[in-house]
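A.B. asks:
This is the structure we're talking about:
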């Protein structure tokens with residue numbers, strides 16, 4: 005009886021392993037001939053505020069396929085509402101996600117907004133500079149780990165890191181100055197890494213009517229995400245390394 009249970013358990017493990025292999029193999033076959041972009045981030049990558057919750061990811065995918073008809077672009081969305089940079093690190097530790105990294109042709113990182121807001125207690129009404137600075141240091145540390153993990157898994161894939169934008173473009177000079185410091189620290193980090201490009205976003209909504217581009221205080225609407233996707237295409241040519 006005991007030996008029969010051991011045999012059954014061994015067969016079960018073998019079946020699970022075979023199933024996992026088939027899933028990963030099928031994913032590789034499904035991606036054959038496609039240019040795969042893996043996008044990691046929070047609700048702004050997820051697409052919150054867009055009526056279809058497609059955000060900049062699907063809009064960028066559509067524009068890339070229209071602009072480069074000889075290519076077939078596929079963007080995988082790993083955006084999660086409320087996620088901080090530490091959440092991306094946990095995502096990369098997931099075996100199924102980790103197995104996908106080597107198949108990517110590009111990576112996009114748009115993370116840090118929740119790190120920024122939560123470092124101040126979840127709001128930006130009254131600023132606590134010391135806490136925000138601690139949050140910034142932790143964010144940069146996490147961001148470097150994320151970049152290094154992606155580079156270790158796939159050294160060939162170029163990477164785009166999107167800067168943060170001020171959710172209060174109509175005012176808030178103190179928020180603007182602090183956010184500039186976060187973005188400057190990100191730029192300094194990106195400049196030390198090979199094949200990593202920085203894409204600024206903070207200027208996108210300055211001088212514009214917020215109601216035209218935002219769905220709420222923080223999240224963009226369809227027009228805002230279109231503008232973001234357009235900025236990515238302005239800053240980076242996705243066909244150059246092909």
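Residue numbers (our numbering): 5 to 246. All C-beta atoms, glycine included, are put in the ideal place defined by N, C-alpha and C. This structure is a prediction, so every number in the text was calculated from the model and none was measured.
1) Give the DSSP-derived three-state secondary structure of residue 205 in the structure shown.
2) Of all the options 107, 87, 101, 189, which has the alpha carbon lying nearest to the alpha carbon of residue 36?
3) Could you say if the region 48-61 and the region 223-231 meet the contact criterion of at least three C-beta pairs nearer than 8 Å?
4) May I have the straight-line CA-CA distance separating residue 187 from residue 114, to the nearest angstrom?
5) Rounded to a whole number of angstroms, what is the C-alpha to C-alpha distance between residue 112 and residue 129?
6) Given this structure, state the Cα-to-Cα distance separating residue 157 from residue 82, to the nearest angstrom.
7) In this structure, does DSSP put residue 187 in helix, strand or coil?
8) Since residue 313 sits in a beta bridge, which residues does DSSP pair it with?
9) According to the neighbour-count rule (16 or more other Cβ atoms, all chains shown, within 10 Å of its Cβ), is residue 40 buried or exposed?
10) List the endpoints of the continuous beta strand (DSSP E) containing residue 41.
11) Give the DSSP bridge partners of residue 80, in chain order.
12) Determine the burial state of residue 140: buried for a count of at least 16 other Cβ atoms within 10 Å of its Cβ, exposed for fewer.
C.D. replies: The answer reads as follows:
1) Position 201 of the chain shown holds residue 205. Residue state for residue 205 is assigned as coil, using DSSP reduced to three classes.
2) As a position in the chain shown, residue 36 is number 32, starting the count at 1. That would be 107, whose Cα lies nearest to the Cα of residue 36.
3) Touching, yes, given that three or more Cβ pairs across the two stretches are closer than 8 Å.
4) Translated into positions along the chain shown, residue 187 becomes position 183. Translated into positions along the chain shown, residue 114 becomes position 110. Distance between the alpha carbons of residue 187 and residue 114 is about 12 Å.
5) Locating residue 112 in the chain shown gives position 108, where the first residue counts as 1. Locating residue 129 in the chain shown gives position 125, where the first residue counts as 1. About 30 Å.
6) In the chain shown, residue 157 corresponds to position 153, counting from 1. In the chain shown, residue 82 corresponds to position 78, counting from 1. Going from the Cα of residue 157 to the Cα of residue 82 covers about 17 Å.
7) By one-based count along the chain shown, residue 187 stands at place 183. DSSP, reduced to helix, strand and coil, places residue 187 within a helical segment of the structure shown.
8) As displayed, the chain neither begins before 5 nor continues past 246, which places residue 313 out of reach and without an answer.
9) Start at 1 with the first residue of the chain shown, and residue 40 comes out as number 36. Label assigned to residue 40: buried.
10) Here residue 41 is taken as the residue at index 37 of the chain shown, counted from 1. That run of the beta strand (DSSP E) goes 39-45.
11) To locate residue 80, count along the chain shown from 1; it is residue 76. Bridge partners of residue 80 according to DSSP: 42.
12) The residue you call residue 140 lines up with position 136 of the chain shown. Burial call: buried.
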